[in-house]
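Spelled out as structure tokens, the structure:
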């Protein structure tokens with residue numbers, strides 16, 4: 005399992021992006037999936053969405069794999085109609101293709117435990133592959149419960165987004181207002197495992213000025229194929245005892 009220092013990796017891989025795409029620093033590559041859970045002997049695909057590449061079919065898109073305590077390993081790149089591999093034996097395991105004007109797909113075949121890791125297209129946020137211990141079984145479950153709790157403290161309002169009982173533990177949590185993502189005064193806690201095996205929970209905090217009490221914020225999460233958005237309006241206030249326990 006992997007919690008990656010994304011800033012260091014982003015800086016490392018950004019050098020490759022600048023070189024291979026002729027210094028087009030405005031190019032953005034995004035990966036939609038935060039994690040994918042698959043069983044042994046199965047096949048999975050991860051997509052990478054490119055923005056602002058004028059001639060996408062001629063561009064070089066690189067794929068890397070990161071495992072704990074090791075440097076990112078370059079697997080392949082796909083250029084104008086051809087794929088080049090770091091090792092020729094990789095052609096039996098990995099493949100890549102471009103679709104339309106902005107989607108590059110990376111496929112891993114005949115999955116086994118050694119394939120577990122985080123896969124990146126250049127400096128994307130990464131998609132984590134989790135291999136299930138059961139043969140031919142995909143073992144994942146979306147959050148069983150999610151809610152926003154509220155606490156007013158002096159001239160501030162603190163919202164706590166609580167997301168419970170999901171597997172695998174990889175989840176993306178963000179806060180937004182009606183227009184854009186909110187990053188100031190946001191704290192994301194680490195996932196914790198409940199008493200039941202393979203159930204995880206997470207909490208994220210947003211602090212806003214008290215005068216924003218009528219403004220609507222949203223806690224959004226992405227987990228495997230599940231996406232949800234929870235509004236702050238219409239929520240229940242937290243009891244002080246509950247709040248102290250959470251913090």
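Numbering (this note's numbering), first residue to last: 5 to 251.
All residues carry an ideal CB built from backbone N, CA and C; glycine is no exception.
Are the CB atoms of residue i and residue j nearer to each other than 9 angstroms?
i, j, result
"residue 106", "residue 60", "yes"
"residue 70", "residue 123", "yes"
"residue 76", "residue 62", "no"
"residue 207", "residue 234", "no"
"residue 168", "residue 39", "no"
"residue 181", "residue 220", "yes"
"residue 94", "residue 82", "no"
Around the C-beta of residue i, are 16 or more other C-beta atoms found within 10 angstroms, so that it is buried, or is it exposed?
i, result
"residue 196", "exposed"
"residue 102", "buried"
"residue 214", "exposed"
"residue 74", "exposed"
"residue 204", "buried"
"residue 15", "Legend: pLDDT at residue 15 = 32, less than 50; position of this residue unreliable, value from coordinates given subsequently. That one is exposed."
"residue 86", "exposed"
"residue 45", "exposed"
"residue 240", "Note on residue 240: pLDDT 44, under 50, position unreliable in the model; the coordinate value appears next. When all chains shown are included, residue 240 counts as exposed."
Residue i bridges to which residues according to DSSP?
i, result
"residue 115", "Its beta-bridge partners do not exist; DSSP assigns none."
"residue 164", "153 and 209"
"residue 57", "Paired residue(s): none; residue 57 is not in a bridge."
"residue 88", "81"
"residue 230", "227"
In angstroms with no decimal places, state the Cα-to-Cα distance between residue i and residue j.
i, j, result
"residue 224", "residue 117", "31 angstroms"
"residue 216", "residue 236", "11 angstroms"
"residue 200", "residue 171", "11 angstroms"
"residue 186", "residue 209", "11 angstroms"
"residue 56", "residue 157", "44 angstroms"
"residue 104", "residue 78", "24 angstroms"
"residue 163", "residue 98", "43 angstroms"
"residue 54", "residue 109", "11 angstroms"
"residue 211", "residue 183", "18 angstroms"
Just curious, the beta strand (DSSP E) that residue i is in, first and last residue?
i, result
"residue 178", "176-180"
"residue 82", "77-82"
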